[in-house]
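In my numbering, each number is its position in the sequence shown, counted from 1, plus 176. Ideal Cβ positions, reconstructed from N, Cα and C, are used throughout, including at glycine.
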Amino acid sequence: MTPPVTHYTGSHITFATMHGKEHLAREAFRHILGATVTAPPDLDTDQFGTFAGDIPRVLTPRDAARAKARLGMQIANTPYGLASEGSFSARLTPLVEQMEILLFIDDDLGLELIEGTLTTSPLPGGRTITTPLRASDFAHALGFPAQGVILQSAQDGQITAHKNFTHLDELQRTAEALLANGSTVTVLPDYRAHRSPSRADTIRTLCNHMAKRLATECPHCRTPGFGKVDVEHGLPCSHCGAATQVIAADLHGCGTCPHRARIPRRQTRADPTWCDYCNP
Numbered sequence: 177m178t179p180p181v182t183h184y185t186g187s188h189i190t191f192a193t194m195h196g197k198e199h200l201a202r203e204a205f206r207h208i209l210g211a212t213v214t215a216p217p218d219l220d221t222d223q224f225g226t227f228a229g230d231i232p233r234v235l236t237p238r239d240a241a242r243a244k245a246r247l248g249m250q251i252a253n254t255p256y257g258l259a260s261e262g263s264f265s266a267r268l269t270p271l272v273e274q275m276e277i278l279l280f281i282d283d284d285l286g287l288e289l290i291e292g293t294l295t296t297s298p299l300p301g302g303r304t305i306t307t308p309l310r311a312s313d314f315a316h317a318l319g320f321p322a323q324g325v326i327l328q329s330a331q332d333g334q335i336t337a338h339k340n341f342t343h344l345d346e347l348q349r350t351a352e353a354l355l356a357n358g359s360t361v362t363v364l365p366d367y368r369a370h371r372s373p374s375r376a377d378t379i380r381t382l383c384n385h386m387a388k389r390l391a392t393e394c395p396h397c398r399t400p401g402f403g404k405v406d407v408e409h410g411l412p413c414s415h416c417g418a419a420t421q422v423i424a425a426d427l428h429g430c431g432t433c434p435h436r437a438r439i440p441r442r443q444t445r446a447d448p449t450w451c452d453y454c455n456p
């Protein structure tokens, strides 16, 4: 099927990644926008921080995504850039919270757009081990080798990450050597997109959302990228009618002009559980 003609039809967009994320964007950007997505060679995005902590993350997620996109655009000499940034955190519960953002830059139009999601990861947090067998058992439980694992070793305040395992015996041998030299060893899910099918699915979904957004023009000035920029809280309680903190509407906006549109959510009343008056 021939893709519709959009502002980005025939454009080449650079995805700043060293972990194959460009493959997650290609289908949506080709079918929805008529654009091609590639990744520049010799790009080091690990310089902005790693999941394993061997290179600290010092930027906010948005700043890190912007820095990646800018670097990719510079290397590829293109005005269009994509980059994603994810984080995983356990907040005093066994569940791991996954935050993922996808950032798009169009220097020709002066656009910077964000699509994001906050979900519960299907993967657990890391586990400190005391025997090599525990490492392979946890890796197997995570879904290794389809889901990658990282051995994080800590000794004298120095963190080292051991990655790219493909066989359990290799993982066990490395864990045995690290434990033998007195290191504290933690087995972590490898959250890099090319080693984590669940994270790859999340990024692919965001790429689809971004492509649809870029195909949507502002009804006022016709700039591409009209979409969700904020939410409006205040859905009324179904019992007393008071405003709650439940989201009542999405606010869509343009990246260049002040035009906004309010899109009500399907739900018209909030459960009294969320009401400060009915359930103080």
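Exercise for the section: Return the bridge partner residues of Lys-404 from the DSSP annotation. Expected result: On the sequence shown, residue 404 is found 228 positions in, with the first residue counted as 1. Paired residue(s): His-428.
Handout entry: Segment limits, alpha helix (DSSP H) that includes Asp-313
Key = Position 137 of the sequence shown, counting from 1, holds the residue named residue 313. Its alpha helix (DSSP H) spans residues 308-318.
Problem - Sheet register partners of His-338 (DSSP bridge) - result: Numbered from 1 along the sequence shown, position 162 holds the residue referred to as residue 338. Its beta-bridge partners are Leu-327.
Practice task
Assign Asn-384 to one of two classes, buried (16 or more other C-beta atoms within 10 Å of its C-beta) or exposed (fewer than that).
Solution key: For the purposes of this step, residue 384 is identified with residue 208 of the sequence shown, where counting begins at 1. Within a 10 Å sphere around the beta-carbon of Asn-384 sit 16 or more other beta-carbons, which makes this residue buried.
Handout entry: Residues bridged to Asp-144 [DSSP beta-bridge criterion]
Key = Because residue 144 is not part of the residues shown, which for the chain are 177 to 456, the question remains open.
Handout entry: Reduced DSSP secondary structure (H/G/I, E/B, other) of Met-249
Key = As a working note, residue 249 is residue 73 in the sequence shown. Under the three-state reduction of DSSP output, Met-249 falls in the helix class.
Problem - Separation of Val-363 from His-188, as counted between CA atoms - result: To locate residue 188, count along the sequence shown from 1; it is residue 12. To locate residue 363, count along the sequence shown from 1; it is residue 187. For His-188 and Val-363, the distance between alpha carbons rounds to 39 angstroms.
Handout entry: Cutoff 6 angstroms; reference Ile-326; Cβ partners in own chain excluding five residues on either side
Key = Reading the sequence shown from its first residue, position 150 is the one you call residue 326. Excluding sequence positions up to five before and after Ile-326, its CB lies within less than 6 angstroms of the CB of Ala-228, Ala-337, Lys-339, Leu-364 and Asp-366, all in the same chain and listed in chain order.
Handout entry: Cβ distance (whole Å) where Ala-252 is taken to contact Thr-190 below 8 angstroms
Key = For this step, residue 252 is matched to residue 76 along the sequence shown. For this step, residue 190 is matched to residue 14 along the sequence shown. So it is a contact: roughly 4 angstroms between Cβ atoms.
Exercise for the section: Using beta-carbon positions only, say whether Leu-209 and Leu-390 come within less than 9 angstroms of one another. Expected result: On the sequence shown, residue 209 is found 33 positions in, with the first residue counted as 1. On the sequence shown, residue 390 is found 214 positions in, with the first residue counted as 1. Going by C-beta atoms, Leu-209 is nearer than 9 angstroms to Leu-390.
Handout entry: Exposure of Asp-284, with buried meaning 16 or more beta-carbon neighbours within 10 Å
Key = Counting from 1 along the sequence shown, the entry for residue 284 is found at position 108. Flag for Asp-284 reads exposed.
Problem - Three-state secondary structure assigned by DSSP to His-188 - result: Counted from its first residue, the sequence shown places residue 188 at position 12. Residue state, collapsed to three classes: strand.
Handout entry: Own chain residues within Cβ distance below 8 angstroms of Thr-420, not counting five before or after
Key = Locating residue 420 in the sequence shown gives position 244, counting from the first residue. Excluding sequence neighbours, Thr-420 sits near His-409, Gly-410, Leu-411, Pro-412, Cys-413, Ala-446, Trp-450, Cys-451 and Asp-452.
Problem - Inter-residue Cα distance where the pair is Phe-402 and Cys-394 - result: Here residue 402 is taken as the residue at index 226 of the sequence shown, counted from 1. Here residue 394 is taken as the residue at index 218 of the sequence shown, counted from 1. The alpha-carbon of Phe-402 is positioned some 5 angstroms away from that of Cys-394.
Problem - Chain-order list of residues whose beta-carbon lies under 6 angstroms from that of Leu-287 (same chain, five-residue window excluded) - result: If you number the sequence shown from 1, residue 287 lands on position 111. If the five residues before and after Leu-287 are omitted, its C-beta is found closer than 6 angstroms to the C-beta atoms of Gly-401 and Gly-431, all from its own chain and listed in chain order.
Practice task
For the alpha helix (DSSP H) holding Thr-350, just list the boundary residues, first then last.
Solution key: Translated into the one-based positions of the sequence shown, residue 350 becomes position 174. From DSSP, the alpha helix (DSSP H) with Thr-350 extends over 344-356.
Practice task
Report the three-state DSSP secondary structure of Ile-277 (helix, strand or coil).
Solution key: Mapped onto the sequence shown, residue 277 falls at position 101. It is a strand residue.
Handout entry: Own chain residues within Cβ distance below 8 angstroms of Thr-360, not counting five before or after
Key = Within the sequence shown, the letter at position 184 stands for residue 360. So the list reads Thr-304, Ser-329, Ala-330 and Gln-331, once near-sequence residues are dropped.
Practice task
Can you give me the start and stop residues for the alpha helix (DSSP H) that Thr-378 sits inside?
Solution key: As a working note, residue 378 is residue 202 in the sequence shown. 373-390 is the extent of the alpha helix (DSSP H) around Thr-378.
Problem - Identified DSSP bridge partners for Gly-262 - result: The count along the sequence shown starts at 1 and reaches residue 262 at position 86. Beta-bridge analysis with DSSP links Gly-262 to Glu-276.
Handout entry: Identity of the residue in Cys-416, Gly-429, Arg-441 and Leu-289 nearest Ile-423 by Cα
Key = Residue mapping note: residue 423 aligns to position 247 of the sequence shown, counting from 1. For the residues Cys-416, Gly-429, Arg-441 and Leu-289, the minimum Cα distance to Ile-423 belongs to Arg-441.
Practice task
Answer with buried or exposed for Gln-323, where buried requires no fewer than 16 other C-beta atoms within 10 angstroms of its C-beta.
Solution key: Sequence index remark: in the sequence shown, residue 323 carries index 147 (1-based). By the neighbour-count criterion, in which 16 or more other beta carbons inside 10 Å mark a residue as buried, Gln-323 falls on the buried side.
Practice task
Could you pull the start and end residues of the beta strand (DSSP E) that Arg-303 belongs to?
Solution key: Position 127 of the sequence shown, counted from the start, is the residue given in the question as residue 303. Looking at the DSSP string, the run of the beta strand (DSSP E) that includes Arg-303 is 303-305.
Problem - Coil, strand or helix - Thr-449 by DSSP - result: To locate residue 449, count along the sequence shown from 1; it is residue 273. DSSP places Thr-449 in helix when its eight states are reduced to three.
Problem - Supposed contact pair Pro-300 and Val-272 - C-beta distance, whole angstroms, cut 8 angstroms - result: Position 96 of the sequence shown, counted from the start, is the residue given in the question as residue 272. Position 124 of the sequence shown, counted from the start, is the residue given in the question as residue 300. Between Pro-300 and Val-272 the Cβ distance is about 6 angstroms, and since that is below 8 angstroms, they are a contact.
Practice task
Could you check the C-alpha separation between Arg-457 and Met-194 for me, to the nearest Å?
Solution key: No statement about residue 457 is possible, as the shown extent of the chain runs from 177 to 456 and does not include it.
Handout entry: N- and C-terminal bounds of the beta strand (DSSP E) containing Arg-202
Key = Within the sequence shown, numbered from 1, the residue matching residue 202 stands at position 26. Element bounds for Arg-202: not the beta strand (DSSP E) but the alpha helix (DSSP H), 198-204.
Problem - Distance, Gly-262 Cα to Thr-350 Cα - result: The residue you call residue 350 lines up with position 174 of the sequence shown. The residue you call residue 262 lines up with position 86 of the sequence shown. Those two C-alpha atoms are separated by around 27 angstroms.
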